[in-house]
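All residue numbers for the sequence shown refer to our numbering, where the first residue is 1 and numbers rise by one. Below: one structure, written as structure tokens.
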Amino acid sequence: MVPATTGAPFDLCFRRVRAILGQLERIDMSDRICALAIIATAAVPFRFPLLDHSASVFDVALLLVFVPWILTVRRVGPPRIPLPYLWLGLGMVVLGALSLLWTASPAETLLYIVACVEGLLAFAMMATFLRDVRPASFMPFLQVWVILLVIPGMLLWFHVPGFLPPATLDPNTGDYVSYFVRFSHPFIGRSNNLAALLLLLVPPTVAWALRTRRWPDIAVAVVGELAFMLSISRGAFVAVLAGLGLYFLLEKRGRRRALLALAWSLPVAALAVVLGSLNPPTRMYFASRFSGANIDARIDLLQDAWNGDPGASGGGGLRLPTWLTGQGGGIGRDVHNTYIQQVLSFGPILGVLIAATLLITGIWWYRRSHLHLRATARIHGIGVIAVLASFVVESSFEGSLLRPLIWLGWGMLVVGALRPSVRTLPWSSVSFRRRASKPLEGAPR
């Protein structure tokens, strides 16, 4: 007969296994894995041909995690999306679909609709997969994205095969050389595109490093800020000053923190100058960044769009017979101004409506609300306001790949700014707006 005590070690081991499985179930690692898969593919969105167009691994990742996302939504309820972003996302999709009735290029408008759906989907997925991540555990997701964004740019500068500029570019042209003059990304595009994403990621990572004073956090913040400075994007530099200025004006308690961040950035800027001087293409063409030729060219683009230049994509600008409805979603000459681009695509009425909704999303970060952590929201708002300001002189938001990536960044920052109690509340008939009007029961004040 086997003694009764023989099974005790097995019982203890079984209880340990059950305890570990219970902890993993509470952590819900599958959500973290899905979020990291989206972030990793967003950092290295390698493109491959598909039919007459191309797709990226980021598109594939969204498709692969779609079923797990739906299952999670069925279990925990729909994601928390602030109303301004919900209006903007749905408005762009609906207007894009409506413009199929008059678009000058149905194929380009369909591509525009797909990019808009992808952006809203990426936002919703981040709101779902990161819903129960505590504030201290949220920052590593942003830090991982920063590091993974910078690595391909470094490999590009070192001429590593597989990370060179697009093969469609002639190595003897300025477009090709500019990839090595200013810190760029082989798959996302030249420096302005990369700077648009770093605008969202650098302010929160820098603020977190100043708070923790831990060397890994400081290292990530320095790497991100160095990459941003080496992009030499004049519009992005001015835009981040606009974001800091608004933060300094509205957040009195954070003025000392903003000044400390600026002081902390001075040695980083000096290091960026040293690194730039060690790169021959940057040293050779750096002076051209202070030329007014590029600014004059963008002013000419705006004038041509207003005058109805027949060379514009889709047939012209505001004075053509289609001035009331625009050329259709995703159609119209690139004028390096996101807000005017909406007017070219959807006409003065609907285009101004979309542009206004885009601006209203920035207000969410600085309004009084019991939904978000005020200090965190306003720090994240620095980058959001900076991106919205950069849209005045950049067309990053019009890219079929970059638009979903910007939406992904917005979604991550929104999740990080929402109170954990808000993110994990079960869905009910009480609307999102109604919750914003009164304190949440049990939520910190």
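Using N, Cα and C, we set each Cβ at its ideal position, and we do this for glycine too.
Inter-residue spacing [alpha-carbon to alpha-carbon] between residue i and residue j
i	j	result
I33	S231	31 Å
S390	L262	19 Å
G411	S400	18 Å
R80	R253	28 Å
A272	M229	7 Å
F163	N172	18 Å
A443	D132	Low per-residue confidence applies at A443: pLDDT is 39, beneath 50, and the placement is therefore not dependable enough to give any value.
T72	T128	8 Å
A42	F397	15 Å
L241	H336	20 Å
A136	L250	25 Å
Q342	P216	41 Å
L101	P267	55 Å
V223	W208	14 Å
P404	M125	12 Å
V238	V393	10 Å
W145	T282	25 Å
S265	L226	9 Å
V65	R333	35 Å
I363	L413	14 Å
W36	L324	The residue asked about is misnamed: residue 36 is Leu in this sequence, not Trp. If I take the Cα positions, the gap works out to 43 Å.
A236	D31	33 Å
T357	R419	24 Å
R406	Q327	One point to set straight first is that residue 406 is Ile, not Arg, in the sequence displayed. Computed Cα separation, rounded: 24 Å.
I113	S191	25 Å
L142	D59	20 Å
L90	L148	30 Å
P280	V274	12 Å
V352	G329	14 Å
F138	S345	37 Å
V93	L120	9 Å
V117	F123	10 Å
A107	T338	21 Å
L373	L194	28 Å
L350	L259	40 Å
L169	L111	23 Å
G174	L200	28 Å
V422	G416	11 Å
R75	R47	34 Å
I218	L95	43 Å
Y247	G383	10 Å
L320	M154	Note that L320 has pLDDT 44, beneath the 50 cutoff, so the model's placement of it is unreliable and the number below is only indicative. Using only the alpha carbons, I get a separation of about 45 Å.
L371	L278	47 Å
L359	P203	19 Å
L210	A377	16 Å
I354	L402	18 Å
R368	S99	36 Å
L130	T424	10 Å
Residue interval of the beta strand (DSSP E) (run including residue i)
i	result
S56	53-56
Residue range of the unbroken alpha helix (DSSP H) whose run includes residue i
i	result
R255	255-278
P404	402-417
Y366	Counting along the chain, Y366 falls outside any alpha helix (DSSP H), and DSSP gives it neither H nor E.
T212	191-212
D217	215-230
T72	66-76
I151	135-157
F163	Note, F163: premise wrong, no alpha helix (DSSP H); not H, not E.
A104	Careful: A104 lies outside any alpha helix (DSSP H) and carries neither H nor E.
G235	234-250
DSSP bridge partner residues for residue i (one or two, in chain order)
i	result
R47	S56
H380	Paired residues: none, contrary to the question.
H336	None; H336 has no bridge partner.
H185	G189
H372	L418
8 Å contact criterion, which residue i and residue j should meet: CB distance rounded
i	j	result
W157	F180	6 Å
T361	Y85	6 Å
G243	A386	4 Å
I331	A115	Not a contact, Cβ separation roughly 13 Å.
S56	P49	The pair is not a contact, with the Cβ atoms about 11 Å apart (cut-off 8 Å).
Y366	G381	6 Å
G409	L197	6 Å
H185	P152	6 Å
Which ranges would you report for the alpha helix (DSSP H) in the segment 105-134 if only whole runs of at least 4 residues count?
106-129
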